[in-house]
Amino acid sequence: MSPKSYTHRDAVPYRPIDWTGLYPPEFPAGSVPNHVAIVMDGNGRWANRQGLTRVEGHKAGEAALLDVVAGAIQAGVKHLSVYAFSTENWSRSPDEVRFLMGFNRDVLHRRRDQLNEWGVRVRWAGRKPRLWSSVIKELQFAEQLTAGNDVLTLTMCVNYGGRVELVDAVRSIADDVAAGRLRASAVSEKLIARRLYQPDMPDVDLFIRSSGEQRTSNFLLWESAYAEFVFLDTLWP
Numbered sequence: 002m003s004p005k006s007y008t009h010r011d012a013v014p015y016r017p018i019d020w021t022g023l024y025p026p027e028f029p030a031g032s033v034p035n036h037v038a039i040v041m042d043g044n045g046r047w048a049n050r051q052g053l054t055r056v057e058g059h060k061a062g063e064a065a066l067l068d069v070v071a072g073a074i075q076a077g078v079k080h081l082s083v084y085a086f087s088t089e090n091w092s093r094s095p096d097e098v099r100f101l102m103g104f105n106r107d108v109l110h111r112r113r114d115q116l117n118e119w120g121v122r123v124r125w126a127g128r129k130p131r132l133w134s135s136v137i138k139e140l141q142f143a144e145q146l147t148a149g150n151d152v153l154t155l156t157m158c159v160n161y162g163g164r165v166e167l168v169d170a171v172r173s174i175a176d177d178v179a180a181g182r183l184r185a186s187a188v189s190e191k192l193i194a195r196r197l198y199q200p201d202m203p204d205v206d207l208f209i210r211s212s213g214e215q216r217t218s219n220f221l222l223w224e225s226a227y228a229e230f231v232f233l234d235t236l237w238p
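See below:
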């Protein structure tokens with residue numbers, strides 16, 4: 002990867018992939034997790050401890066995400082999935098929901114070229130209903146822009162919930178059975194997996210959650226069946 006640094010058209014400085022001077026430890030051959038999933042939790046509490054607003058906490062999380070992407074690339078991870086906005090987040094205050102929608106849209110707009118420069122393929126997992134059309138547009142643009150990259154696949158889980166993903170998968174199968182396109186006896190784990198939001202997403206090897214909370218919060222339930230879980234006390238970012 003080239004260490005060059007340049008500035009985005011929105012005056013957001015690009016970070017070279019080795020900008021921190023820090024590198025992940027070398028892993029024994031064959032021990033690097035193929036797919037890492039992260040629940041980025043703790044922005045609000047971190048901001049409170051710093052005397053900042055929750056909005057400022059979320060903004061700090063953008064830089065942390067870029068750092069994690071860079072570290073994953075350097076470590077040799079091939080798939081990274083992050084929980085950017087859950088279906089449960091709609092229950093937050095209207096002001097925070099508006100901010101999070103706009104923030105997800107703007108982060109994609111600001112960082113898509115940098116991710117493309119790093120060879121990252123961006124993908125989206127989640128539901129369209131209720132999601133802002135401007136967010137969908139940025140997600141789809143980032144997917145198209147980076148479709149040919151293969152250094153790392155970054156799946157942005159936006160308006161995502163593990164339970165509703167399974168509901169949507171089962172509903173699509175039920176529709177096919179009811180229409181006579183599929184026999185009920187043909188339903189299998191493999192068929193359900195093919196109806197998930199990203200059917201070719203590999204199983205999660207390492208599931209990480211920051212902030213000290215020890216729960217999955219409805220993230221990648223099917224995909225994490227055989228994952229190893231690490232719960233960090235450190236607050237995101």
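Numbered by the numbering used here, the letters in the sequence shown go through residues 2 to 238 in order. Each residue gets a CB set at the ideal place from its N, CA and C atoms; glycine is no exception.
If you measure between the beta carbons of residue i and residue j, is that distance less than 8 Å?
i	j	result
S225	V40	no
R122	L155	yes
M102	V56	no
I174	L197	no
E214	D42	yes
A73	F220	no
M157	L132	no
R216	L233	no
D201	Y227	no
Could you say which of the options lies nearest to residue i if we only look at CA atoms?
i	options	result
A64	V136, E229, R111	R111
G163	L67, N35, E89	E89
V33	R131, A76, T54, L153	A76
W223	E214, A185, R184, A170	A170
D151	R124, D176, G43	R124
L167	V83, L146, L140, A126	A126
F104	G31, H59, Q145	H59
N44	A71, Y84, F220	Y84
E27	Q51, V78, V70	V78
W237	A48, V178, P95, A180	A48
Am I right that residue i and residue j are in contact with their C-beta atoms under 8 Å? What's the rounded C-beta distance?
i	j	result
V70	L81	7 Å
T161	S92	Reading off the sequence shown, one finds Tyr at residue 161, where the question assumed Thr. So it is not a contact: roughly 15 Å between Cβ atoms.
Quiz item: If you scan the segment 138 to 214 from start to end, which runs of the beta strand (DSSP E) of 3 or more residues do you find wholly inside it?
Solution: 153 to 161, 207 to 210
Self-check item: Ranges of the alpha helix (DSSP H) found wholly within the segment 71 to 132, counting only runs of at least 4
Solution: 95 to 118
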